[in-house]
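*Asks:*
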Amino acid sequence: MKKTLPLIFLFALLVILSCVLAYTVLKERAGILLATIVNGVLLGGFYGLTAMGLSLVLGITRIINVCHGEFVVLGAYIGYWLAISYGVNPMTLIASLPILFIVGLVIGKTMMNRAVSMGVDQPLLVAFGLSLCLRNLMRYLWTATPRGINIPMGGIPFPGGTYISHLSLIIFCTSVVGLLSLHLFLKNTFIGKAIRATGQHQESARLMGIDVNNINALAYALGLLLAAVAGSLVSLRFSFDPESGPMFLGRALCAIVLGGVGHVLGALAGGIILGVVESIGASLLGDVMRDAIVFLIFLAILLVKPTGLFARYRAF
Amino acid sequence: MLVCKDITKSFGGLVALRGVSLEVKKGEIVGLIGPNGSGKTTLFNVICGIYRPDKGVVYFKGEDITGRKPYEICKLGIGRTFQLVKPFKTMTVLENVMTAILFGRSKFITMTEARKQALKWLDFVGLSGMKDKVAGELGIASLRLLEIARALATEPELLLLDEVMAGLNPVEVSRVGDLIERVRSDLGITIFWVEHVMRAIMKHADRVIVLDRGEKIAEGTPKEIAYDEKVIKAYLGEPYA
Amino acid sequence: MLRAEVYWKSLLLAIPIASLASAPFLLKSAYFVHFFSLLFLFLALASAWNILGGYAGQVCLGTGAFFGIGAYSMMLSLKANLPLYASIIAGGIAASCLALLIIPLFRLRGIYFAIGTLFLPDIIRTFVLYFSDVTGGAMGIYLPLIRDPLFAYTFLLAVSVCTILVTHFLVNSRYGLAMRAIRDDQDAGEMYGINATKLKTVCLLTYAFLCGLAGSGYALYMGFLDPYTVFHLTWSIAPVFMCIIGGQGTIWGPIVGSIIYVVLSEQLTFIVGELHLLVFGGILIAVILLAPYGIVGALKRLSSNFVREWKACSYAKT
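Shown next, in the form of structure tokens:
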């Protein structure tokens, strides 16, 4: 933690400096640029939340859960259909959490544990197969029509004629709260410590009496739980369809490589950086390039500096 | 033949090697001993190019080989066995040695010729009977012989043996010991040898170097270092010095 | 292998290839041409993937990118009035150039190479859509020639035979030994003189070139390309599926796998309709977890076990 604080400081400073620079250089358009940056930060918070589930699974079980995006979409669908039937309230939003948690436990115990025992490639391929299955299942059940809930909400006006929506702020706050509670859970509870121990060294954890297989399944289930949380928020803000999985997976992976694996704050910071860069890039190059920007950044980081900016340990 | 000057290597906060300097002359059998964790395997890894030292230089036949890639170093003439044997598990014993022949040398060689030479090397170490067995099925004694055969097949001038006797019973220990002597006398290969089986080192080594906690604490003939105070202290502790 | 062995084995192979090559002209069945063109296409992709994934041990999840870039490069070269064969080769070369860009990914562990390639098709597709005035964008691009299914069929047959031959020569050469060595233990391989990165790079470039050629064949066969079909996930999943089911790291594996894949994808749509991809995914997971060596792999293991048991028994008798 002590080593990363100066980095966070530096990053914050860079953002502020670039804002000031932007303002002095493009006076009339500075307002829009600033709004884009702020929106990027808010978006980034959400990306951090999406990333956290994936980061947890990767850090603890060493599985790259490439079906994470599909589970986010599944969570979004559950939240959406419940909201359509029963209205948008905290209950419908939370309903997807236990469902995906249990699904995660089942998948973790049956498929993933076995796949991990077989080698390094197998879990990835199994997750790949799962993503295919989920996509097809969701398409069959709910058709390919894009879905989304439109909640009319006001916003805070911003210089330059734009505004920051209240919804974005709420989602950002939810993400931060979610991440903080995860951090506290991992740090202070008994199970949280068992999870962290298993993630650091499986053999030693086993010798300490920790049932590593169950903990791995639990970590996987927690990853899906976080995906469900992200999914619930997705249904409020974005439009999604069964093929939206890669969109979320890409941003999650990118946030992780930017912020370092297994690091809660890193996922958030990575998400924010990604959100800002994506928003600025989209306003410059056009909305159609949004996904490509994210994927390109991801590839670039992998090629150049795979440990990420705040990596606590190198999982690569 | 091999000169290490002031090798220092740390991993995060742990200093594995601290200013280690030594020399191995052509035709010698030099032993490297020391308590566990003293940095012996790390030193081997540095010499072979698996790790790059933080400080210090490794010279081989007068040439600076510090930090070069392992496959380059192999082609230059350094062969190595691993402490925890690393056979190519899905390939047969013969194929294991053939791979070393085809890639470990700087000269080109045809497949048929490589096969012939592989059989020759298996014969030298005494593994001819197992040539078609899959390496993953061998017992530890045969695996150690395979490691040696593979390393020899790359036609090294310097052979680094890393605890090649670990896990062997007394009969196997003397067999391998004689094999190592033959490697020096018949093939003229210089040997640098990490070992815990003291009997073997004392019997076969010309000179012994002792490491403790990353530093060289003694050097001399086997008899000299057996009675050296510092060595006894390192292994057994103060009261026994 | 002795000279005589090589001769009669080649003859044995030449017969089915010659019969396949002449079949469409004799049978005059459009369905035959369609089915086998697809089969050869998928066979080529599976065999190419097998070189990188089965032998060199690097799983690539972005085959669609190399396939698609090959297809589009061929189209664009034809439109730029390059001769036909040059355009086809251009497809392969373009895919290899793309492969060159991702070589640094080899520095990472294998699975990170896999996810690095995961989004490659999406990235390339976005570029194709962005430069829509050249590539036709979302509307697609048509072949500036009269579509000739028989030529496409023959070309695809040639590409798949080529791919299998390349695999065969690679595997039986010293590089085959090296690939198995680094797959078993990369550190030991490097210590005994194998430059793992160079080897993997060669496999990657070969794989990419062959996928690019397959893409050219696809463009020739379909006569039309559109970015959503060409860069679809199916092209990335299919080779993985085929090689895992058939058996990675064997020569017959991709052949068996591609036959199963093509037959299944035709039949499944009749049986389960919408859910055929779900079934594919399920089969993939089941095979990975329960029969990781694939069909050919399992057969090989069974037969070697059988041979060993038999030998042991015959020794016991004497």
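Protein chains in written order, with my numbering: chain A, 1375 to 1690; chain B, 3 to 243; chain C, 32 to 349. The beta-carbon is built from N, C-alpha and C at its ideal position, and this holds for glycine as well.
(1) CA-CA distance, residue 202 of chain C and residue 208 of chain C?
(2) According to DSSP, what are the bridge partners of residue 66 of chain B?
(3) Assign residue 46 of chain B to one of two classes, buried (16 or more other C-beta atoms within 10 Å of its C-beta) or exposed (fewer than that).
(4) With 8 Å as the threshold, decide whether the Cβ of residue 322 of chain C is near any Cβ in chain A.
(5) Would a C-beta distance cut-off of 8 Å place residue 43 of chain B and residue 180 of chain B closer than the cut-off?
(6) Output the boundary residues of the beta strand (DSSP E) element that contains residue 82 of chain B.
(7) Give the residues of chain A in contact with residue 268 of chain C, contact being defined as C-beta atoms less than 9 Å apart.
(8) Looking at residue 62 of chain C and the ligand ADP, is the gap between the Cβ and the nearest heavy atom below 7 Å?
(9) Can you find a CB in chain B that lies within less than 8 Å of the CB of residue 208 of chain C?
(10) Going along the chain, which residues of the stretch 211 to 237 of chain C sit with their C-beta nearer than 7 Å to a C-beta in chain B?
(11) Residues of chain A with CB closer than 9 Å to the CB of residue 165 of chain C, please, in chain order.
(12) From the beta carbon of residue 205 of chain C, is the nearest beta carbon of chain B less than 8 Å away?
(13) Of the residues that make up the stretch 1505 to 1532 of chain A, which ones have a beta carbon closer than 9 Å to any beta carbon in chain C?
(14) Decide if residue 100 of chain B is buried, meaning its Cβ has at least 16 other Cβ atoms within 10 Å, or exposed.
(15) So with Cβ pairs under 8 Å, would you call residue 156 of chain B a contact of chain C?
(16) Could you name the residues of the same chain whose beta carbon sits closer than 8 Å to that of residue 1462 of chain A, not counting the 5 residues immediately before and after it, in chain order?
(17) What's the C-alpha gap between residue 244 of chain B and residue 92 of chain B?
(18) Count the other C-beta atoms from every protein chain shown that fall within 10 angstroms of the C-beta of residue 1574 of chain A, then say buried if there are 16 or more, exposed otherwise.
(19) Report all residues from its chain with a CB closer than 7 Å to the CB of residue 319 of chain C; omit the five preceding and five following residues, and keep chain order.
(20) Measuring only between beta-carbons, confirm whether residue 1665 of chain A sits less than 8 Å from chain C.
(21) Using 8 Å as the Cβ pair cut-off and three pairs as the minimum, do the stretch 119 to 130 of chain C and the stretch 1410 to 1421 of chain A touch?
(22) Looking only at DSSP bridge pairs, what is residue 8 of chain B linked to?
(23) Does any residue of chain C bring its CB to less than 8 Å from the CB of residue 9 of chain B?
(24) Any residues in the stretch 109 to 139 of chain C with a beta carbon nearer than 7 Å to a beta carbon of chain A? Which ones, in chain order?
(25) Measure the C-alpha to C-alpha separation of residue 1469 of chain A and residue 1665 of chain A and round it to an integer number of angstroms.
(26) Short of 7 Å in beta carbon distance, which residues of its chain neighbour residue 123 of chain B, apart from the five on each side in sequence? Order them along the chain.
(27) Find the nearest neighbour of residue 20 of chain B within the set B:222, B:216 and B:234, judged by alpha-carbon distance.
(28) Please classify residue 225 of chain B as buried or exposed, where buried requires at least 16 neighbouring CB atoms within 10 angstroms.
(29) Identify the contact partners of residue 1426 of chain A in chain C, using a Cβ-Cβ distance below 9 Å as the criterion.
(30) Below 8 Å, how does it come out for the stretch 1660 to 1674 of chain A and the stretch 1441 to 1451 of chain A: are there three or more Cβ pairs, yes or no?
(31) Just to confirm before moving on: does the CB-CB distance between residue 9 of chain B and residue 206 of chain B stay below 8 Å?
(32) Following the continuous beta strand (DSSP E) through residue 1479 of chain A, name the residue where it begins and the one where it ends.
(33) What does residue 218 of chain B pair with, by DSSP beta-bridge criteria?
(34) Using alpha carbons as the reference points, say which of C:40, C:48, C:95 and C:66 lies closest to residue 243 of chain C.
(35) Considering only DSSP beta bridges, list what residue 193 of chain B is partnered with.
(36) Since residue 1438 of chain A meets chain C, which of its residues come closer than 7 Å, beta carbon to beta carbon?
*Replies:* A quick look at the data gives this:
(1) 7 Å
(2) B:61
(3) buried
(4) no
(5) no
(6) 80 to 82
(7) 1502, 1503 and 1506
(8) The ligand ADP is absent from the structure shown, which contains no ligands of any kind.
(9) Answer yes: the Cβ-Cβ gap between residue 208 of chain C and chain B drops below 8 Å somewhere.
(10) Closer than 7 Å at the C-beta level to chain B, one finds these residues of the stretch 211 to 237 of chain C: 211, 212, 215, 216, 218, 219, 221, 222, 223, 224, 225 and 226.
(11) Under the 9 Å cutoff, chain A gives no residues; its nearest Cβ is about 16 Å from residue 165 of chain C.
(12) yes
(13) 1505, 1506, 1507, 1508, 1509, 1510, 1511, 1513 and 1514
(14) buried
(15) yes
(16) Cβ within range, chain order: 1523, 1525 and 1610.
(17) There is no way to answer for residue 244 of chain B, as the model of chain B reaches only from 3 to 243.
(18) exposed
(19) Only 275 meet the Cβ criterion.
(20) yes
(21) They do not touch, by the three-pair rule.
(22) The partner list for residue 8 of chain B (beta bridge, DSSP) is empty, contrary to what the question assumes.
(23) For residue 9 of chain B, the answer is no, since every Cβ of chain C falls outside 8 Å of its Cβ.
(24) Those residues of the stretch 109 to 139 of chain C that come within reach of chain A (Cβ to Cβ, closer than 7 Å) are 135, 136 and 139.
(25) Taking the straight line joining both Cα atoms gives about 29 Å.
(26) 99, 151, 154 and 155, listed in sequence order.
(27) B:216
(28) exposed
(29) For residue 1426 of chain A, no chain C residue has a C-beta closer than 9 Å to its own C-beta; the minimum C-beta separation is roughly 18 Å.
(30) Judged by pairs of C-beta atoms under 8 Å, the stretch 1660 to 1674 of chain A does not touch the stretch 1441 to 1451 of chain A, as fewer than three such pairs exist.
(31) no
(32) Unbroken run through residue 1479 of chain A is the alpha helix (DSSP H), 1464 to 1481; no beta strand (DSSP E).
(33) B:213
(34) Of C:40, C:48, C:95 and C:66, the residue nearest in Cα terms is C:95.
(35) B:31 and B:161
(36) Under the 7 Å cutoff, chain C gives 142 and 146.
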